[in-house]
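Per the numbering used here, the sequence shown starts with residue 110, numbered consecutively. Encoded as structure tokens, the structure appears first; notes follow it.
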Amino acid sequence: MFWGTGSLTSKPRFDLGGWSIVETDRGEKHLVGIDLENGTGQVSSTVVRFDTRTMRCETASGRIYVLHETTGVSTREAWYVWDGWCRLNGVKSWTDVTSRYRQDMPSA
């Protein structure tokens, strides 16, 4: 079952673990990961800004996603949600482009 994330005012920020950045066949980039608040899979609206220094993304909806490096977090549900999101939105193909962004991130 899929459901929306609620209004922007009710949840303006997500802390996302086990995250990836994917690009659709339409050239849109989305975050896929686990909402660390409740452990559910999450797919963002289109990413409009990504600050690799602060590990924050802003999406077309105006939400802020704070990306966390996590280990041991299962991302299976996130990819399940992404698959459903693609079917609902007519995405025929996509590419994981996370490595393009990781190369610009500061070393820990």
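No residue lacks a Cβ here, since even glycine has one placed at the ideal position from N, Cα and C. Fair warning: this is a prediction, and the values are worked out from it, not measured in the lab.
Name the two residues that bound the continuous alpha helix (DSSP H) containing residue i.
{"i": "E95", "result": "For residue 95 there is no data in the structure shown, the boundaries of the chain being 110 and 217."}
{"i": "S202", "result": "Here S202 belongs to no alpha helix (DSSP H), and DSSP marks it neither H nor E."}
{"i": "R211", "result": "207-211"}
For residue i, which option in the options has the closest C-alpha, if you only look at C-alpha atoms?
{"i": "W194", "options": "R135, S129, Q151", "result": "Q151"}
{"i": "V190", "options": "V141, D134, V156", "result": "V141"}
{"i": "S129", "options": "K138, R122, F123, P121", "result": "K138"}
DSSP puts residue i in a beta bridge; with which residues?
{"i": "V156", "result": "T168"}
{"i": "C141", "result": "Looking at the sequence provided, one finds Val at residue 141 rather than Cys. Per DSSP, S129, V152."}
Do residue j and residue i come within 7 Å of each other at the CB atom, strictly closer than that value?
{"i": "G136", "j": "T179", "result": "no"}
{"i": "A169", "j": "T155", "result": "yes"}
{"i": "D134", "j": "S208", "result": "no"}
{"i": "V175", "j": "D124", "result": "yes"}
{"i": "R162", "j": "I173", "result": "no"}
{"i": "V157", "j": "E146", "result": "no"}
Along the chain, where does the beta strand (DSSP E) that runs through residue i open and close?
{"i": "T133", "result": "122-133"}
{"i": "V175", "result": "173-176"}
With 16 as the cutoff for other CB atoms within 10 Å, does residue i come out buried or exposed?
{"i": "T118", "result": "exposed"}
{"i": "N153", "result": "Rather than Asn, the amino acid found at residue 153 in this sequence is Ser. So S153 ends up on the buried side."}
{"i": "V131", "result": "buried"}
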